[in-house]
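Comments concern the structure below.
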Amino acid sequence: MYLMLPTRYTTQMARRTTIEVDEALLAQAQQVLGTSGLKDTVDSALVAVVRAERRRRLAARLRSGDGVDFGPEVAEQARRWRQS
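In this note's numbering, the protein residues as written are 15 to 98.
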């Protein structure tokens, strides 16, 4: 008899794949990211893209005021502080 237990992943999932990589672009990315291998470079680039998108979304949300919990006078003080 076999017990049917739900499968749960406790570690990050990864998969193997084959891709064609532009060597010149890889070298540039390695220099920018400070990485040395293909896997490290791809992983770092993926993290950088996700973080950049999160920053973009946060900036858009802050610009729109959606979910921001302060009044116009606090926003004006923040604007003046950034400009000084």
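Cβ coordinates follow ideal geometry from the N, Cα and C atoms, glycine included.
Under the assumption that residue 62 contacts residue 39 (Cβ atoms under 8 Å), give the Cβ distance between them as a whole number of angstroms.
Going by Cβ atoms, the distance from residue 62 to residue 39 rounds to 14 Å, so no, they are not a contact pair.
Quick one: Cα of residue 87 to Cα of residue 93, how far?
10 Å
8 Å contact criterion, which residue 35 and residue 52 should meet: CB distance rounded
7 Å
At least one CB of chain D closer than 9 Å to the CB of residue 53: is that the case?
Of the protein chains in this structure there is only one, and it is not chain D.
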